[in-house]
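Terminal number for the sequence shown in the working numbering: 934, no gaps in between.
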Amino acid sequence: MQSHQRRGTLASIAAELGVSRTTVSNAYNRPDQLSEELRDRIFRTAARIGYPGPDPTARSLRMRRAGAIGVLLTEELTYAFEDQASVEFMAGVSLSCGNLGASMLLIPAGVGG
């Protein structure tokens, strides 16, 4: 029979080390706020108990920021690369995404013909 061991959590690291959850979070998100020794203790404990670090999906939900900009195409996907106005629009969106550190998601919704 297999044993299902739970992975460590931010809270379990904090409890084991006697620090706040915020302190553990800072080790990952604001490392300059902690001493190197404390960060090392946190990371060693995290590795030992199997805490993988902050979950990027959970973070994006909490921050209400997906990190992507969606472009819904009402024409066939090839139109986005053939029509000059569309090409320039996509280039502008792509540039803006790059400046924001976001991805661009193309969603073709055109009907086949």
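Where a beta carbon is used, it is the ideal one built from N, C-alpha and C, also for glycine. On a predicted model such as this, the values are computed, not experimentally measured, just so you know.
ask   = To the nearest angstrom, how far is it from the Cα of R862 to the Cα of Y900?
value = Between R862 and Y900, the alpha-carbon positions lie close to 54 Å from each other.
query = Hey, G829 and G871 are a contact pair by Cβ (cut 8 Å); roughly how many whole angstroms apart?
reply = 5 Å
task = Output the distance between the C-alpha atoms of G913 and E903, rounded to the nearest integer angstrom.
result = 16 Å
key: Cβ-based neighbour list, Q823, same chain, cut-off 7 Å, excluding 5 preceding and 5 following   = Because Q823 carries a pLDDT of 47, less than 50, the predicted location of this residue cannot be relied on, and the following value inherits that uncertainty. Result list for Q823: empty, nothing under 7 Å.
task = In the DSSP assignment, find the alpha helix (DSSP H) that holds S907 and state where it starts and stops.
result = 905-921
request  = Identify every run of the beta strand (DSSP E) within the stretch 857-898, keeping only runs that are complete inside it and at least 3 residues long; order them along the chain.
outcome  = 889-894
request  = Answer yes or no: do S881 and E896 have a C-beta to C-beta separation smaller than 9 Å?
outcome  = no
message = Can you tell me whether I834 is buried or exposed? The criterion is at least 16 other CB atoms within 10 Å of its CB, across all chains shown.
response = buried
query = Is Q854 near the ligand SAH, judged by its Cβ being under 8 Å from some heavy atom?
reply = Annotation note on the ligand SAH: not contained in the displayed structure, which lists no ligands.
key: Closest residue to T866 among R851, G891, V840, Q854 (Cα-Cα distance)   = V840
inquiry  = What would DSSP say about L855, mapped onto helix, strand or coil?
reply    = coil
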